[in-house]
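**Q** Just so we're aligned: the sequence shown equals residues 18 to 489 in my numbering.
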Amino acid sequence: MASEGERSSDRTSDALCSIVICNEASLRSQPIIFNPDFFVEKLRHENPEVFTELVVSNITRLIDLPGTEFAQLMGEVDPKLPNSNVAAIGFFRSLNFLKRKEKGLVFGTPLTEEGIAHIYQLIEYLHKNLRVEGLFRIPGNSNRQQILKDLLNSGADIDVDSGEFHPNDVATLLKMFLGELPEPLLTHRHYHAHLKIADLMLFDSKGNKTTMPDKQRQIEALQLLFLLLPAANRNLLRLLLELLYQTAKKQDRNKMSAHNLALMFAPHILWPKNLTANDLQENITKLNNGVTFMIKHSQKLFKAPAYIREHARLHYLGSRAHASKDDLDLLPAQRTKDFEPFKSQKWNKLGSSSATAVQQEETQHRTEVALKELFRHVHNMPDSAKKKKLIRQFNKHPDGGTPLSDRDTPLGKKHIRSRSLGGLIKLQQCQESPAVQMTRGRLKLSEDAQNRKVGSSKRTKGQLPSTQETSI
Numbered sequence: 018m019a020s021e022g023e024r025s026s027d028r029t030s031d032a033l034c035s036i037v038i039c040n041e042a043s044l045r046s047q048p049i050i051f052n053p054d055f056f057v058e059k060l061r062h063e064n065p066e067v068f069t070e071l072v073v074s075n076i077t078r079l080i081d082l083p084g085t086e087f088a089q090l091m092g093e094v095d096p097k098l099p100n101s102n103v104a105a106i107g108f109f110r111s112l113n114f115l116k117r118k119e120k121g122l123v124f125g126t127p128l129t130e131e132g133i134a135h136i137y138q139l140i141e142y143l144h145k146n147l148r149v150e151g152l153f154r155i156p157g158n159s160n161r162q163q164i165l166k167d168l169l170n171s172g173a174d175i176d177v178d179s180g181e182f183h184p185n186d187v188a189t190l191l192k193m194f195l196g197e198l199p200e201p202l203l204t205h206r207h208y209h210a211h212l213k214i215a216d217l218m219l220f221d222s223k224g225n226k227t228t229m230p231d232k233q234r235q236i237e238a239l240q241l242l243f244l245l246l247p248a249a250n251r252n253l254l255r256l257l258l259e260l261l262y263q264t265a266k267k268q269d270r271n272k273m274s275a276h277n278l279a280l281m282f283a284p285h286i287l288w289p290k291n292l293t294a295n296d297l298q299e300n301i302t303k304l305n306n307g308v309t310f311m312i313k314h315s316q317k318l319f320k321a322p323a324y325i326r327e328h329a330r331l332h333y334l335g336s337r338a339h340a341s342k343d344d345l346d347l348l349p350a351q352r353t354k355d356f357e358p359f360k361s362q363k364w365n366k367l368g369s370s371s372a373t374a375v376q377q378e379e380t381q382h383r384t385e386v387a388l389k390e391l392f393r394h395v396h397n398m399p400d401s402a403k404k405k406k407l408i409r410q411f412n413k414h415p416d417g418g419t420p421l422s423d424r425d426t427p428l429g430k431k432h433i434r435s436r437s438l439g440g441l442i443k444l445q446q447c448q449e450s451p452a453v454q455m456t457r458g459r460l461k462l463s464e465d466a467q468n469r470k471v472g473s474s475k476r477t478k479g480q481l482p483s484t485q486e487t488s489i
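(1) Considering only their Cβ atoms, is the gap separating R154 from N305 smaller than 8 Å?
(2) Rounded C-beta distance between E63 and A249? I'm assuming under 8 Å.
(3) Report yes if the C-beta distance between L217 and Q235 is below 8 Å; otherwise report no.
(4) What's the call for P289, buried or exposed, on a 16-neighbour Cβ count within 10 Å?
(5) Can you give me the C-alpha to C-alpha distance between I76 and L287, rounded to a whole angstrom?
(6) Would you report the Cα separation of E66 and L60, rounded to the nearest angstrom?
(7) Do M273 and A283 have their beta-carbon atoms positioned less than 8 Å apart in this structure?
(8) Is A322 buried or exposed, if buried means 16 or more other CB atoms sit within 10 Å of its CB?
(9) Out of K145, N146, I136, E150, state which residue places its alpha-carbon closest to the alpha-carbon of L165.
(10) Would you call P201 buried or exposed, if buried means 16 or more other Cβ atoms sit within 10 Å of its Cβ?
(11) What are the boundary residues of the alpha helix (DSSP H) that P184 is part of?
(12) Just verifying my parser: in three-state terms, what is the DSSP assignment at M218?
(13) I'd like the span of the alpha helix (DSSP H) that includes K223, first residue to last.
(14) Per DSSP, which one or two residues make a beta bridge with P230?
(15) For Q235, name the three-state secondary structure that DSSP assigns.
(16) Reducing DSSP to helix, strand and coil, say where H314 ends up.
(17) Is there at least one Cβ from chain B nearer than 8 Å to L297's Cβ?
(18) Is it right to say V184 is buried, meaning 16 or more other beta carbons lie within 10 angstroms of its own, or is it exposed?
(19) Tell me the rounded alpha-carbon separation between T293 and I301.
(20) In this structure, does DSSP put D54 in helix, strand or coil?
(21) What is the DSSP secondary structure of N64, reduced to helix, strand or coil?
(22) So, with DSSP's three-state summary, where would you put S159?
(23) What number of angstroms, rounded off, separates the C-alpha of L79 from the C-alpha of I312?
In structure tokens:
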């Protein structure tokens, strides 16, 4: 039975995710699924300006976009599309590239989530018929296609699996839907950026550009560029590339390789409307190879790069943010510990003794980490009487110790990641153990006792500091 959290999350259409607490004993051992792109989507939804600046700055690090092309990518100017001529108009009309006059709920209209929901019926049906030879290449029956198109346009419920339609009918209708969109699925704004991505080549040991494609940089650039697509375009592109990827995996039966599929879909995915024959001849190889590359690597292209995920995560956790991959490489190896709260706790059904031991060990580890963090904060405070008193309490405490080995900054120089004492206490309240709380209480009692001895300390103001103080 669905929990109350599930029902409430369904009613919230703009929620980024839902957290469901389930008390079923049989499900407690299941691992917790954490979406690595959660903070990326949260940043896109809540702070689109910061998100766009972050993504675009990394795109321009990979590819060179002149002023006009950069302005087109940012939407500051309308895309400069190739001019059409009479011959080109006739050519594209024959390939069904122009927007049809008849418009309905789905075909010939701007892309919407509602339209994708209707088209998904076609995609889902094709996933069940990937072994049909010549899929997407052999046209279906035009009469059956028109019937199916009218049903989709009217918003009526249809049963594609009824046997009335052939897979070639559905495949051709899917291409027709993409061809009747007002602009290609990857949008006119991104056209020049995709041409630049196709030119990313490897360099030899002398720094000279070779003719071998730099696949890693191309994947990274496509990941970034896909993040800038409108949500509806990105969702449909993901569904489409997954379908084409699975189709190419069955090429021994359907005779449709990734390159053959790219020839069928590149005009609908990437080619600008009204593209002239001269422009087409100049860039057709890049465009077709680009779509082939997308199909082959579709399983990687919809994951945000690691440094984008890290930046988004640090943006919400209040830590130091990193704007590019180069900055991420400078992060210490300890940063992976930040993900420890998200790890699932496995229930040990063989006995409670081992689970208790593990829990005690984890508690002790958290205690030590919290004490070290607290000492670092005190150590990075400006020199004052309060700082000296707190350090004396650390030295006098038998269990807390003074983690001098962890001290990696010179005395008097504030660490770049130090936090305020109030913020540090708020951060530790949700994870500190009873041992840390006891230590904090002892520090507080000792500090109160020290305040009561202010009179006596004033009389000894001229004395030298103790050896414990000078050792810090």
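Even glycine gets a Cβ: it sits at the ideal position worked out from N, Cα and C.
Only a predicted model underlies this, so the values are computations on that prediction, with no experimental measurement involved.
**A** Walking through what the data contain:
(1) Mapped onto the sequence shown, residue 305 falls at position 288. Mapped onto the sequence shown, residue 154 falls at position 137. It is not a contact, given that the beta carbons lie outside the stated cut-off.
(2) As a working note, residue 63 is residue 46 in the sequence shown. As a working note, residue 249 is residue 232 in the sequence shown. Rounded, the Cβ-Cβ distance is 19 Å, inconsistent with contact.
(3) For the purposes of this step, residue 217 is taken as the residue at position 200 of the sequence shown. For the purposes of this step, residue 235 is taken as the residue at position 218 of the sequence shown. In this structure, L217 lies near Q235, with their beta-carbon atoms less than 8 Å apart.
(4) Within the sequence shown, numbered from 1, the residue matching residue 289 stands at position 272. Taking a 10 Å sphere around the C-beta of P289, we find 16 or more other C-beta atoms and assign the residue as buried.
(5) Reading the sequence shown from its first residue, position 59 is the one you call residue 76. Reading the sequence shown from its first residue, position 270 is the one you call residue 287. For I76 and L287, the distance between alpha carbons rounds to 18 Å.
(6) Counted from its first residue, the sequence shown places residue 66 at position 49. Counted from its first residue, the sequence shown places residue 60 at position 43. The straight-line gap from Cα to Cα measures roughly 9 Å.
(7) Translated into the one-based positions of the sequence shown, residue 283 becomes position 266. Translated into the one-based positions of the sequence shown, residue 273 becomes position 256. Contact flag unset, no.
(8) Along the sequence shown, one-based indexing puts residue 322 at 305. Correcting the residue type first, residue 322 is Pro in the shown sequence and not Ala. By the beta-carbon neighbour count (other beta carbons within 10 angstroms, threshold 16), P322 is buried.
(9) Reading the sequence shown from its first residue, position 148 is the one you call residue 165. Minimum Cα distance to L165 is reached at I136.
(10) As a first step, residue 201 is located in the sequence shown; it is residue number 184 there, counting from the start. With 16 or more other Cβ atoms within 10 Å, it is buried.
(11) For this step, residue 184 is matched to residue 167 along the sequence shown. Unbroken alpha helix (DSSP H) run through P184: 184-196.
(12) By 1-based counting over the sequence shown, the position of residue 218 is 201. M218 falls in the strand class under three-state DSSP.
(13) Position 206 of the sequence shown, counted from the start, is the residue given in the question as residue 223. No alpha helix (DSSP H) holds K223; DSSP gives it neither H nor E.
(14) Reading the sequence shown from its first residue, position 213 is the one you call residue 230. In the DSSP output, where bridge partners are listed per residue, P230 has M218.
(15) Here residue 235 corresponds to residue number 218 of the sequence shown, with the count starting at 1. Three-state result, Q235: helix.
(16) Taking the first residue of the sequence shown as 1, we reach residue 314 at position 297. Of the three classes helix, strand and coil, the one that applies to H314 here is coil, per DSSP.
(17) Absent from the structure: chain B. Only one protein chain is present.
(18) Numbered from its first residue, the sequence shown carries residue 184 at position 167. The sequence as given places Pro at residue 184; Val does not occur at that position. By the 10 Å Cβ count, P184 comes out buried.
(19) For the purposes of this step, residue 293 is identified with residue 276 of the sequence shown, where counting begins at 1. For the purposes of this step, residue 301 is identified with residue 284 of the sequence shown, where counting begins at 1. Those two C-alpha atoms are separated by around 11 Å.
(20) Counting from one through the sequence shown, the residue named residue 54 turns up at place 37. Here D54 sits in coil by DSSP.
(21) Walking along the sequence shown from the start, residue 64 turns up at place 47. Looking at N64 - three-state DSSP - the assignment turns out to be coil, as it is neither helix nor strand.
(22) Counted from its first residue, the sequence shown places residue 159 at position 142. Correct three-state label for S159: helix.
(23) Taking the sequence shown and counting its residues from 1, one reaches residue 79 at position 62. Taking the sequence shown and counting its residues from 1, one reaches residue 312 at position 295. Each residue's alpha carbon lies about 21 Å from the other.
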